[in-house]
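Report on the structure given below.
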Ligand SMILES: Cc1ncc(C[n+]2csc(CCOP(=O)(O)OP(=O)(O)O)c2C)c(N)n1
Ligand SMILES: Cc1ncc(C[n+]2csc(CCOP(=O)(O)OP(=O)(O)O)c2C)c(N)n1
Ligand SMILES: [Mg+2]
Ligand SMILES: [Mg+2]
């Protein structure tokens, strides 16, 4: 993996009380980068250059604010939209884009659809598609860390729809019982594909589900980066001081489609979209920074420009990298390949060499 | 199945505001019968005459009070301790004991362990062992009844431990979303085998989990038959008047072992048991009826006597019934046996006739 | 007759069944307003209302559990699992409950649920949008497992499934949802469950396949023809209960068998076919039985073309089988 | 050496591993204070504390999900599922996560969990306390599946499993937990995963079995001996990865095979053995391959003796195999 980090200023070792103007600007810059990734990747998918993409637009403030409140030692268990979280964590943009291309430099060796990345060195666990499974896992890792007295938290990211999953229930319950130092971060973007939040569950808020597990529950405006930062920082402190886990509901909106396979016009109104567009976290943050004098229009232009350039360059590289080698198909299933897998690998090689299958 | 019902007075078609003295006495009589079943079956198991038994002692008031508040049209989805519920429903004791013996008259054809019975004609759905699975099913039946505008409720019975199951979460959530006319009746008997209630979940009560699903939640003293009757009647009315489902936590105690395979001395104290024995629902009910003058000691003796006699007679019958026939093994898997099953049935018959296996 | 794609045929089958019987109800994620992520239920909520085409919360446990409850009541629920890969949260309900309800209740509670799910690879779905999990369910006593490969079979088998009395898992080959169109009879025209279809006659080797593997298998048969090898192609259509007679009859004739599926080889469905042949057609067999399958790895993303059996691999195996012995 | 029952050997294996390595932790329902419903974890919470022998809430999803999280962190969790029949609520975590974590992460996240569960019939457990679900897991790429049949193997294989780096499903034949005692080496003596054991040499027919089917299979072999049929008995011990060489070598010698398991026949583990033989030992085979298995029904209660393969059924099958061809 390339060395350079995309994080302008890395998130602090110990989250401070409040974000400084410099940090806010750095956070904004990452939000701009994340939005740019979205725009570019939606286009790449339309052009057939990548196979799939699930955008995060509307969720940038929640993701960046949340990730900023964590320490690099904390374990992140993402769903599939957490690109901004990865960027805050310091995952190089190149690594993310390589994953989208599934090329020979992709950390997960071209095995997964775009958005399903993971980077052990960044304690950013490799995503999977079945929703919710990361939740119990994050609790298990937190239990292990607590056992080993490592002062860290684990955090799982998931959406409003995923509160209905089996692992949500089991994960929060185990976390409560074992007082695992774990944070559950719901990005309630109001939709689970075509199902609106009100028909996902009848509770008034998602955060109040915490009560069922005897743990803390907090609702936060996910369009407000500083507010998110604050509740996550508090949750982190609570977890580490023995106060138990916290369920956080960040209220955001999925401004884009569920994924490139989805057409949201089928199920939601233009009016609803327009209303939420008026609360775009990027516009809001920009306005805030402009008013406080911590950002100029010129700087803003620069951020967008450098994001686009950076993207152009990593995409160029990703497209120049050769595809993963056929033999990788049989790697990493077990620590050491079994005789049967060796035999199948040989069979595939034979088929390739005889031209029965094409690489 | 035998025709005679064991219910002294059947539960009313429409549950009344409060139970009359006659009804209370009838309810008590059923509690005595249930307790007698327990005592007898624990002995039968020790003697090797039945293979297994899971007693309900300590939970009689909760079961009888609850079942009494239902109408015969309501669907019951039991766990595996709901013997008193079945008796209130009118299931003949003979049928229950035949199931314990898995004999040729057993409604479930000797296919299940004792306690796993079911009687379609009584809308008492056949139990299974995996905990919680009945909960979503009961919700589905309620949704169907609502669709068909049949004014009934469905009720699922389960224990404190089962609140941790996947189906608890899914079932309550679906019930909330679809406003299914369904009641969830937790018999919190304080233990899930060896796990005490406090370590099953960190919520203060189990009933408050209802909030997570936007539905009503009620705690009731499960040792108090009338109180249970009242909350279930109210829940039933709520469900049918469009007020949605209710989660009821009846606080009881499992006075006996989890099952005949269990030794509770390994995990709980004599002191705890003694304390709860002091609240035995049968003693309490008897005392209440004696004080109100609605029961005499003589009547009480009579109830115990007739229960024992009835048991002796149904056990005698059950032991006289031949075992289920080998060919039943292949029945009821599909509406019509497949060719492969026919072939296997023939294979078994051949093996039997050649003495390779013994009936 | 209408010219339909496979997914359209599924849609028409559902529509047909729902028009004929008010007890048929659909439930699942995104099947209503959105018409299903593959559009299999397109237009049905509009026609039949939100009571009969139910958008559920995101819980396969809930979908199958409540569907079972509806079936107990007497409805004919047809739940959809959005991708077969997401069926596992419902595995307990399927294996412990759906498959065993009639049996464990001594026949009192039939449990007629038709569980639909798109399955298989070839759409660049990676590990979690490509699986072929049929063997798990074929191994589960009490379930019927059906996989169509043509538009006409899709509709006809689906109608049979909905009119059956037993639990049916109906797996749809999403890779060929739109690949071809075919003539599909209008109305309630059923294709019986439990019968395989000989889609091509042959004498030298039997090729067994189902679902999305039928097109490459047919292509292989054509290719073999040009080499002078006459291949019979059997589309199993129902994996459980298997049409054993069709399988045995074919191999008694050809003496050679190649089995094709996308799922991993080890303990895959093909193993059962081979086992049946090794027991019941042993004296007809002239050559080793070959399996052309997915590898014993998870389903990959970038290299899916190396994972999925193609016509060439089938030809390769059939050729060596035909020459052996 | 100690004379132990199989369940005691499991207990000693756990104790041995926990003494040697503080990263080994146990979790499950009723495994702590209660020592497990079969007493497999008896005394361990006392010795190692409630932090390393964790009584969990009643959720298999939670048990396996958190165990995976612990493994990612670097612990060596050994969760217990109380009965294999109750593994299904964890099926998603096992199949989607445990089996695929290393692969889907490009090798970054090994996921070393040893999932223990008692399996099988013969204890009057009916449908839900008797199942043999091994085929589901053997079909799942990425899992190892181990089933011991003797006290020594139980301890030795369990130690190997805990020292492995891959996910291992360790299924214990509860029917013979206490049926016999056997000599078990003290200390860290391991039996390698992936090797079958020839428990009886023979020349006329190969009998393949595992777990609780080994005693009746051995009894059958003795009985066959007295009829002049020399039966070789192979205890597979590891179902995945299979010791294919041992299987093929035996049948190359005997030319005849009988496969024994408790699980239903259709798509059961025996199918894979038959398929491998029909492909790779085809020209050695002299007679149809027979399977002696549970019927294709759920597991019954009252009639379990008619469901479970016994020595006589095995003899019957072996005899007809030996005479055929
Ligand atoms: C177990 C499972 N079922 C179904 C799906 C298909 N699916 C993918 S994302 C999604 C909706 C998720 O909604 P939410 O949790 O709100 O997250 P969001 O996509 O809105 O970020 C569904 C149904 C899945 N991935 N996993
Ligand atoms: C899915 C599942 N896991 C484990 C078991 C084993 N088991 C049977 S009963 C039981 C405890 C149930 O406790 P609770 O729900 O409180 O009911 P109670 O027995 O106290 O009435 C357990 C763990 C099971 N039956 N199903
Ligand atoms: Mg959402
Ligand atoms: Mg309990």
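Chains as they are written, first to last, in my numbering: chain A, 31 to 389; chain B, 31 to 389; chain C, 21 to 345; chain D, 21 to 345.
Even glycine gets a Cβ: it sits at the ideal position worked out from N, Cα and C.
Only a predicted model underlies this, so the values are computations on that prediction, with no experimental measurement involved.
Contact between the region 157-174 of chain C and the region 135-148 of chain D (3+ Cβ pairs under 8 Å): no
Nearest neighbour of residue 166 of chain D, chosen from D:262, D:27, D:106, D:90 [CA to CA]: By 1-based counting over the fourth chain, the position of residue 166 of chain D is 146. The shortest Cα separation from residue 166 of chain D among D:262, D:27, D:106, D:90 belongs to D:262.
Closer than 7 Å at the beta carbon, the chain D residues around residue 386 of chain B: Position 356 of the second chain holds residue 386 of chain B. Within 7 Å Cβ-Cβ: 332, 333, 336.
Buried/exposed call for residue 56 of chain C, threshold 16 Cβ in 10 Å: Position 36 of the third chain holds residue 56 of chain C. By the 10 Å Cβ count, residue 56 of chain C comes out buried.
Coil, strand or helix - residue 164 of chain C by DSSP: Counting from 1 along the third chain, the entry for residue 164 of chain C is found at position 144. Looking at residue 164 of chain C - three-state DSSP - the assignment turns out to be strand.
Residue 221 of chain B beta carbon near ligand 4 (any heavy atom closer than 6 Å): Counted from its first residue, the second chain places residue 221 of chain B at position 191. Yes, Cβ of residue 221 of chain B sits closer than 6 Å to a heavy atom of ligand 4.
Residue 190 of chain B beta carbon near ligand 4 (any heavy atom closer than 6 Å): Along the second chain, read from residue 1 onward, the residue named residue 190 of chain B stands at position 160. Yes.
Closer than 6 Å: residue 159 of chain B CB and nearest ligand 2 heavy atom: The sequence position of residue 159 of chain B within the second chain is 129, counting from 1. Checking the Cβ of residue 159 of chain B against ligand 2 gives yes.
Closer than 7 Å to chain D by CB, residue 219 of chain B: Translated into the one-based positions of the second chain, residue 219 of chain B becomes position 189. No, residue 219 of chain B does not count as interfacial toward chain D.
Span separating the alpha-carbon of residue 182 of chain D from that of residue 143 of chain D: As a first step, residue 182 of chain D is located in the fourth chain; it is residue number 162 there, counting from the start. As a first step, residue 143 of chain D is located in the fourth chain; it is residue number 123 there, counting from the start. Between residue 182 of chain D and residue 143 of chain D, the C-alpha separation is close to 28 Å.
Residue 379 of chain B: CB within 6 Å of a non-hydrogen atom of ligand 1: As a first step, residue 379 of chain B must be located in the second chain, where it is residue number 349. No, since every heavy atom of ligand 1 falls outside the 6 Å radius drawn around the Cβ of residue 379 of chain B.
Which residues DSSP lists as bridging residue 31 of chain D, in chain order: In the fourth chain, counting from the first residue as 1, residue 31 of chain D sits at position 11. Partner(s): none; residue 31 of chain D has no beta bridge.
Residue 281 of chain C at chain D interface by Cβ criterion, 7 Å: Here residue 281 of chain C is taken as the residue at index 261 of the third chain, counted from 1. Output row for residue 281 of chain C: interface = no.
Runs of alpha helix (DSSP H) lying entirely within the region 105-144 of chain C, each at least 4 residues, in chain order: 121-124
Under 7 Å by beta carbon: chain C residues contacting residue 120 of chain D: Counted from its first residue, the fourth chain places residue 120 of chain D at position 100. Those within 7 Å of residue 120 of chain D in chain C are 147, 318.
Where the alpha helix (DSSP H) containing residue 281 of chain C begins and where it ends: Residue mapping note: residue 281 of chain C aligns to position 261 of the third chain, counting from 1. Run containing residue 281 of chain C: none in the alpha helix (DSSP H); it sits in the beta strand (DSSP E), 277-284.
Check: residue 277 of chain A C-beta below 6 Å from any heavy atom of ligand 1: What you label residue 277 of chain A is simply residue 247 of the first chain in a count that begins at 1. Outside the cutoff, so no.
Neighbour flag for residue 287 of chain C against chain D, beta carbons, 7 Å: Residue numbering aside, residue 287 of chain C sits at position 267 when the third chain is read from its first letter. Cβ-Cβ to chain D under 7 Å: yes for residue 287 of chain C.
Any C-beta of chain A under 7 Å from that of residue 322 of chain C: Here residue 322 of chain C is taken as the residue at index 302 of the third chain, counted from 1. Yes - at least one Cβ of chain A is within 7 Å of the one on residue 322 of chain C.
One or two residues paired with residue 127 of chain A in a DSSP bridge: Here residue 127 of chain A corresponds to residue number 97 of the first chain, with the count starting at 1. For residue 127 of chain A, which the question treats as bridged, DSSP gives no partner whatsoever.
Under 7 Å by beta carbon: chain B residues contacting residue 186 of chain C: If you number the third chain from 1, residue 186 of chain C lands on position 166. What residue 186 of chain C touches in chain B: 364, 365.
is_contact[residue 58 of chain C, chain D] using C-beta, thresh 7 Å: For this step, residue 58 of chain C is matched to residue 38 along the third chain. No, its Cβ sits nowhere closer than 7 Å to a Cβ of chain D.
CA-to-CA distance, residue 137 of chain A to residue 32 of chain A, given in whole angstroms: In the first chain, the residue the question calls residue 32 of chain A occupies position 2. In the first chain, the residue the question calls residue 137 of chain A occupies position 107. Interpretation of residue 32 of chain A is limited by its pLDDT of 41, a score under 50 that renders its predicted location unreliable; no figure is taken from the coordinates.
C-beta neighbour in chain D for residue 302 of chain C, strict 7 Å: Against the third chain, residue 302 of chain C aligns to sequence position 282. Yes, residue 302 of chain C counts as interfacial toward chain D.
7 Å Cβ cutoff met for residue 42 of chain C and residue 120 of chain D: Here residue 42 of chain C corresponds to residue number 22 of the third chain, with the count starting at 1. Here residue 120 of chain D corresponds to residue number 100 of the fourth chain, with the count starting at 1. In this structure, residue 120 of chain D does not lie closer than 7 Å to residue 42 of chain C by Cβ.
Those runs of the alpha helix (DSSP H) which lie wholly inside the region 219-281 of chain D and span at least 4 residues: 234-246, 264-274
As assigned by DSSP and simplified to three states, the class of residue 171 of chain D: Looking up residue 171 of chain D in the fourth chain gives position 151. Residue 171 of chain D: helix per DSSP, three-state reduction.
Neighbour flag for residue 353 of chain B against chain C, beta carbons, 7 Å: Locating residue 353 of chain B in the second chain gives position 323, where the first residue counts as 1. Answer no: the Cβ-Cβ gap between residue 353 of chain B and chain C never drops below 7 Å.
Touching by the beta-carbon criterion (3+ pairs, under 8 Å), the region 203-223 of chain A and the region 177-195 of chain A: yes
Chain C residues whose Cβ lies nearer than 9 Å to that of residue 160 of chain A: Taking the first chain and counting its residues from 1, the one referred to as residue 160 of chain A is at position 130. Under the 9 Å cutoff, chain C gives 105, 106, 108, 109, 148.
Beta-carbon contacts of residue 360 of chain A that lie in its chain and below 7 Å, excluding the five residues immediately before and after: Taking the first residue of the first chain as position 1, residue 360 of chain A is located at position 330. Only 367, 371, 374, 375 meet the Cβ criterion.
Contact test: residue 202 of chain B Cβ vs ligand 2 heavy atom, cutoff 6 Å: Here residue 202 of chain B refers to the residue found at position 172 when the second chain is read from its first residue. No - ligand 2 has no heavy atom lying nearer than 6 Å to the Cβ of residue 202 of chain B.
Anticipated Cβ contact below 8 Å, residue 46 of chain C with residue 73 of chain C, distance rounded: In the third chain, residue 46 of chain C corresponds to position 26, counting from 1. In the third chain, residue 73 of chain C corresponds to position 53, counting from 1. Going by Cβ atoms, the distance from residue 46 of chain C to residue 73 of chain C rounds to 5 Å, so yes, they are a contact pair.
Simplified DSSP state of residue 24 of chain D, which is helix, strand or coil: Within the fourth chain, residue 24 of chain D is the residue found at index 4, counting from 1. Strand, per DSSP.
Chain C contact for residue 31 of chain A (CB, 7 Å cutoff): Here residue 31 of chain A corresponds to residue number 1 of the first chain, with the count starting at 1. Low confidence applies to residue 31 of chain A: its pLDDT is 47, below 50, so where it sits in the model is not reliable enough to give any reading.
Where the beta strand (DSSP E) through residue 105 of chain B begins and ends: Within the second chain, the letter at position 75 stands for residue 105 of chain B. Start and end: 105-107.
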